[in-house]
Amino acid sequence: MRVLYFYLMKAAPDRVQAVAPAHAEYWNAMGLGEYLGGPFADRSGGLITFEVASIAEAERLVTRDPFVQEHLLERRWLQQWLID
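Structure below.
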């Protein structure tokens, strides 16, 4: 299944900048199927899409994201994405 992970950052630019390399490395190192992701141009958040076997697996991956671990997200959404 394809999932979409959309997140918005807290107003903590110095902390976000410090954790961003670990966040990028975490997602890039997993080698997820159909992975595509990156920050918004204004760095207010980002969007990641990838394929996994279940929404539960996707949630486990998201909870290990360094931005989540460091409590840097104001809001996040994780949804199955049905695309043609």
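Residue numbers 14 to 97, in my numbering, belong to the letters of the sequence shown in order. Note that beta-carbon positions come from the ideal geometry of N, C-alpha and C, so glycine has one too. Model, not experiment: these values are computed from the prediction.
Legend entry - Inter-stretch contact at 8 Å, needing at least 3 Cβ pairs: the region 71-81 / the region 24-37: Touching, per the Cβ criterion.
Inset, instruction - Report all residues from its chain with a CB closer than 6 Å to the CB of residue 30; omit the five preceding and five following residues, and keep chain order. - result: For residue 30, where only same-chain residues beyond five positions count, there are no Cβ hits under 6 Å.
Legend entry - Rounded separation between residue 110 and residue 23 - CA only: This structure gives no information on residue 110, because the portion of the chain shown stretches from 14 to 97.
Inset, instruction - Pull up the DSSP beta-bridge partners for residue 61, would you. - result: When beta bridges are read from the DSSP output, residue 61 appears opposite 18, 50.
Legend entry - Nonlocal neighbours in the same chain, by C-beta distance under 6 Å from residue 86, ignoring five residues either side: Closer than 6 Å at Cβ, skipping near neighbours: 20, 80.
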